[in-house]
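Novice: Structure incoming, see below.
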Amino acid sequence: MFGCECWCWDSELEFNYSEPKPFSLPSPLPAWPKGQGFGTGRVSLGEIEVAKVTKFESVTSLNGKPNGVSFYKPVNIPEGFFCLGHYCQPSNKPLRGYVLVAREAAFTPKPQHSESSLPALKKPVNYSLIWNADSHNDGCGFFWLPNPPMGYRAVGFVVTNNPEEPEVDEVRCVREDLTETCRTSDAVFAMDSKFSKDAFQIWSTMPCKRGMWCQGVSVGTFFCSSYWNSEKDLYIGCLKNVNSTLEGMPNLDQVHALIQHYGPTLFFHPDEEYLASSVQWFFKNGALLCRDGSNKAEPIKFGGSNLPAGGVNDGKFWIDLPGDDEAKEHLKRGNMESSELYVHVKPALGGTFTDIAMWVFCPFNGPATLKVGLLTFAMNKIGEHVGDWEHYTLRVSNFTGELWQIYFSEHSGGRWVDASELEFIQGNKAVVYASKHGHASFPHPGTYIQGSTKLGIGARNDVARSKFFIDSSTRYQIIAAEYLGEGVVTEPCWLQYMREWGPTIVYDSRSELDKLLDILPFYFRFSVENIFDLFPTEIYGEEGPTGPKEKDNWDGDERC
Numbered sequence: 020m021f022g023c024e025c026w027c028w029d030s031e032l033e034f035n036y037s038e039p040k041p042f043s044l045p046s047p048l049p050a051w052p053k054g055q056g057f058g059t060g061r062v063s064l065g066e067i068e069v070a071k072v073t074k075f076e077s078v079t080s081l082n083g084k085p086n087g088v089s090f091y092k093p094v095n096i097p098e099g100f101f102c103l104g105h106y107c108q109p110s111n112k113p114l115r116g117y118v119l120v121a122r123e124a125a126f127t128p129k130p131q132h133s134e135s136s137l138p139a140l141k142k143p144v145n146y147s148l149i150w151n152a153d154s155h156n157d158g159c160g161f162f163w164l165p166n167p168p169m170g171y172r173a174v175g176f177v178v179t180n181n182p183e184e185p186e187v188d189e190v191r192c193v194r195e196d197l198t199e200t201c202r203t204s205d206a207v208f209a210m211d212s213k214f215s216k217d218a219f220q221i222w223s224t225m226p227c228k229r230g231m232w233c234q235g236v237s238v239g240t241f242f243c244s245s246y247w248n249s250e251k252d253l254y255i256g257c258l259k260n261v262n263s264t265l266e267g268m269p270n271l272d273q274v275h276a277l278i279q280h281y282g283p284t285l286f287f288h289p290d291e292e293y294l295a296s297s298v299q300w301f302f303k304n305g306a307l308l309c310r311d312g313s314n315k316a317e318p319i320k321f322g323g324s325n326l327p328a329g330g331v332n333d334g335k336f337w338i339d340l341p342g343d344d345e346a347k348e349h350l351k352r353g354n355m356e357s358s359e360l361y362v363h364v365k366p367a368l369g370g371t372f373t374d375i376a377m378w379v380f381c382p383f384n385g386p387a388t389l390k391v392g393l394l395t396f397a398m399n400k401i402g403e404h405v406g407d408w409e410h411y412t413l414r415v416s417n418f419t420g421e422l423w424q425i426y427f428s429e430h431s432g433g434r435w436v437d438a439s440e441l442e443f444i445q446g447n448k449a450v451v452y453a454s455k456h457g458h459a460s461f462p463h464p465g466t467y468i469q470g471s472t473k474l475g476i477g478a479r480n481d482v483a484r485s486k487f488f489i490d491s492s493t494r495y496q497i498i499a500a501e502y503l504g505e506g507v508v509t510e511p512c513w514l515q516y517m518r519e520w521g522p523t524i525v526y527d528s529r530s531e532l533d534k535l536l537d538i539l540p541f542y543f544r545f546s547v548e549n550i551f552d553l554f555p556t557e558i559y560g561e562e563g564p565t566g567p568k569e570k571d572n573w574d575g576d577e578r579c
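Heads up, the final residue of the sequence shown is numbered 579 in our numbering, and it's a clean run with no missing numbers.
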């Protein structure tokens, strides 16, 4: 609902001062059903084949612990494969990461756009020393950028604990047409120039273009610099999957196995009034299709076959609740017995990962609760709308079938949470918490504030376990998996409906906010009023939400 940062105000931070320990999921992985390339440990990107390495040898660390960063080189590299760069991560987290190693494919036809007879991989010419730390306070580390031959690109850095330039055989560079541009992602480490002879920063990286049909492949390496700014291109790239068959992706049997093994349990708040239902229950129990310019609403057929399909959200159609008060209240409360998760399966990061997006439908989104300092105010209307679509996404490694991350959708944004930071309820099945009234998803119980962390003002999201839950490992329906080809998964009629699932609601929210201001202490009023002015327009009125297929993240990557 609100496009501001989100934080949990009742959680505690715990720091682990010991050497990072490797993380593994609570339970062993099963034997996946037979397929083509999924779960085999290797993925063909066309002219090169890559394997994922998660075994590391420690090289050095910087700036102490737990606020420092540790650097590793991959070990146990399969025979014939070559290192592309080193790995790093914060020193206070479990050792949880990977780098890709590569070899030239045994036989693959050249892409039509490439006439190059050059090998896909080559040794660097030499290295450039980017930065070094050699002191008691900073640690000891030397950071080397491979200088590629002409027509090639480096995709990672090399770190040593001594000033000797690494051997050129340490890594390989990749032919430029087999790479894509990448960008910085999360900041891993920053050393201020006040405490060191030079400022130095480290980031994780990701492909610039990400989405269901994008070809960029994350190598798992990092980017570092002492002077780079966001307006400059990175010195390194990522890999590019030119293999259009996406042979590393799971087949339909493997998808079912993944969902049954990892499907989270979705908990609603104990005091939730507006629960989930199936789409079919919503239609069967009185949902109406409204048309612009017509006073007569049309009942929606059980499967949604009379909904207008395709097109764009042009405002000509919308869905609404029945006019009868009793029927309307019945529909708003949802029906947990019928509820299920609607699953969209799609390639991620060039087909080296599978994203399993799990959508939940609630017939009604309840009013918001605002938090101002230690005070809490339940709104009467603000935040209400008909038809609420929310989701979370499982990201699974196609090399092993291991759950890597879960994306938690939090209103207008969201965040990826590593598997090492999830709460598990049974085996490798995680817990997802839906917030009271708003149904945004969170990884742990508590109260999350969406607004200003500095002032402690924003929308309150309460999450907790309750008797209201959906086990998505058993109660799910796969509604789309385009990469499997036409006819493998039949998309339901309602999925093609691209208009709004609720009417536009306009209410006098400002008067409700003004009443709140009147009862606040004087020293709070100015700050709170300024925060209200920053709230998006939906605080003064709610447009009906659109369905899953109309969202940007249907084809694209998740928003963070």
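C-beta: ideal position from N, C-alpha, C; glycine also.
1) What are the complete beta strand (DSSP E) segments, minimum 3 residues, inside the region 184-264?
2) With three or more beta-carbon pairs closer than 8 Å as the criterion, would you say the region 304-316 touches the region 466-479?
3) Going by the CB atoms, is the gap between residue 102 and residue 90 shorter than 8 Å?
4) If you draw a straight line from the alpha carbon of residue 160 to that of residue 79, how long is it in whole angstroms?
5) Please list, in chain order, all residues of the same chain as residue 496 whose beta carbon is under 7 Å from its beta carbon, the five residues on each side excluded.
6) Give the range of the alpha helix (DSSP H) segment to which residue 424 is assigned.
7) Taking residue 219 as the reference, give the member of 325, 438, 152, 310 with the closest Cα.
8) Enumerate in chain order the residues of its own chain whose CB-to-CB distance from residue 170 is below 7 Å, with the five nearest sequence positions on each side excluded.
9) Assess, as a yes-or-no matter, whether the region 272-282 is touched by the region 413-431 under the definition of 3 or more beta carbon pairs within less than 8 Å.
10) Spatial neighbours of residue 290 within its chain, please: C-beta separation below 7 Å, excluding the five flanking residues on both sides.
11) Of the choices 222, 166, 124, 125, whose alpha-carbon is the least far from that of residue 144?
12) Can you have a look at residue 119 and say buried or exposed, based on whether 16 or more other CB atoms are within 10 angstroms of its CB?
13) On the DSSP bridge assignment, give the partners of residue 405 in chain order.
14) What residue does the beta strand (DSSP E) around residue 90 start on, and which one ends it?
15) Decide if residue 226 is buried, meaning its Cβ has at least 16 other Cβ atoms within 10 Å, or exposed.
16) Just to confirm my understanding: we take residue 40, look at its own chain, exclude 5 residues before and 5 after, and list those with CB closer than 8 Å. What are they?
17) I'd like the list of long-range same chain contacts for residue 437, defined as Cβ closer than 7 Å, with 5 residues on each side in sequence excluded.
18) Looking at the unbroken beta strand (DSSP E) that takes in residue 363, where does it start and where does it end?
19) For residue 241 versus residue 274, is the C-beta spacing smaller than 8 Å?
20) Could you tell me if residue 579 is buried or exposed, where buried requires 16 or more neighbouring beta carbons within 10 angstroms of its beta carbon?
21) What is the DSSP secondary structure of residue 553, reduced to helix, strand or coil?
22) Give every residue of the same chain whose Cβ lies closer than 6 Å to the Cβ of residue 368, excluding the five residues on either side of it in the sequence, and list them in chain order.
23) With burial defined as no fewer than 16 other Cβ atoms inside 10 Å of the residue's Cβ, what is the status of residue 576: buried or exposed?
24) Which of the three DSSP states is assigned to residue 150 in this structure?
25) Going by C-alpha distance, which of 317, 487, 320 is nearest residue 294?
26) Can you tell me where the beta strand (DSSP E) holding residue 350 begins and where it ends?
27) Could you give the distance in angstroms between the alpha-carbon of residue 261 and the alpha-carbon of residue 65?
28) Does the Cβ of residue 371 have 16 or more other Cβ atoms within 10 Å, making it buried, or fewer, making it exposed?
29) Go to residue 272, then tell me how far its alpha helix (DSSP H) extends in each direction, as first and last residue.
30) I'd like to know whether the C-beta atoms of residue 418 and residue 124 end up nearer to each other than 8 Å.
31) Between which two residues does the alpha helix (DSSP H) holding residue 298 run?
32) Measuring alpha carbon to alpha carbon, tell me which residue in 246, 272, 230, 142 is nearest residue 507.
33) So, helix, strand or coil for residue 567, using DSSP?
34) So what does residue 79 bridge to, in DSSP terms?
35) Enumerate in chain order the residues of its own chain whose CB-to-CB distance from residue 202 is below 8 Å, with the five nearest sequence positions on each side excluded.
36) Along the beta strand (DSSP E) that carries residue 499, what are the first and last residues, could you check?
Specialist: In short, the structure shows the following:
1) 192-194, 198-210, 219-226, 241-244, 256-259
2) no
3) no
4) 6 Å
5) 359, 361, 362
6) From DSSP, residue 424 is part of no alpha helix (DSSP H) but of the beta strand (DSSP E) over 422-429.
7) 152
8) 137, 194, 195
9) yes
10) 455
11) 166
12) buried
13) 383
14) 88-93
15) buried
16) 113, 114
17) 115, 424
18) 360-367
19) no
20) exposed
21) Low per-residue confidence applies at residue 553: pLDDT is 42, beneath 50, and the placement is therefore not dependable, though the value from the model is reported in the following sentence. Helix, per DSSP.
22) 236, 237
23) buried
24) strand
25) 487
26) Premise fails: residue 350 lies in the alpha helix (DSSP H), 344-351, not in any beta strand (DSSP E).
27) 5 Å
28) buried
29) 271-281
30) no
31) 298-303
32) 272
33) helix
34) 90
35) 224, 225, 226, 227, 253
36) 495-499
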